[in-house]
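Quick notes on the structure that follows.
This is the structure we're talking about:
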């Protein structure tokens, strides 16, 4: 299933003339194209679908959506559990994030992050 998932912009950069970002989806980091939202800034949330940020979203709505997706198990269906991916790859430096970058020590699974966001 492909979901449109809210994520928080962590970093913005240019890649081959295209505005790109590293976006955090409850502990899973992915590269996302920002060309449809040229004024999106670091720290803001956006709804992302198939690697494209499509719509700006306020933080509260993003947290509620992530919590709901986490409760339903949709985040792990979409991204997998970063700890399981790290174990499968034999990674020791942090959780795998799906883009070749290890998450910092203390990273949580997507379900844990969603539950924490709900509090």
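Numbering (UniProt numbering), first residue to last: 1 to 119. From the three backbone atoms N, C-alpha and C, an ideal C-beta is built for every residue, glycine too.
{"query": "Unbroken alpha helix (DSSP H) run spanning residue 31, endpoints", "result": "Unbroken run through residue 31 is the beta strand (DSSP E), 28-33; no alpha helix (DSSP H)."}
{"query": "Coarse secondary structure for residue 24, derived from DSSP in three states", "result": "strand"}
{"query": "Residues sharing a beta bridge with residue 45, DSSP", "result": "8 and 57"}
{"query": "Whether residue 22 touches residue 31 by CB criterion (8 Å)", "result": "yes"}
{"query": "Residue from 63, 59 and 34 with nearest C-alpha to residue 49", "result": "34"}
{"query": "Identified DSSP bridge partners for residue 52", "result": "33 and 49"}
{"query": "Candidates 54, 15, 10 and 44: closest to residue 28 by CA position", "result": "10"}
{"query": "Exposed unless 16 or more other CB atoms sit within 10 angstroms - verdict on residue 70", "result": "buried"}
{"query": "Supposed contact pair residue 55 and residue 46 - C-beta distance, whole angstroms, cut 8 Å", "result": "6 Å"}
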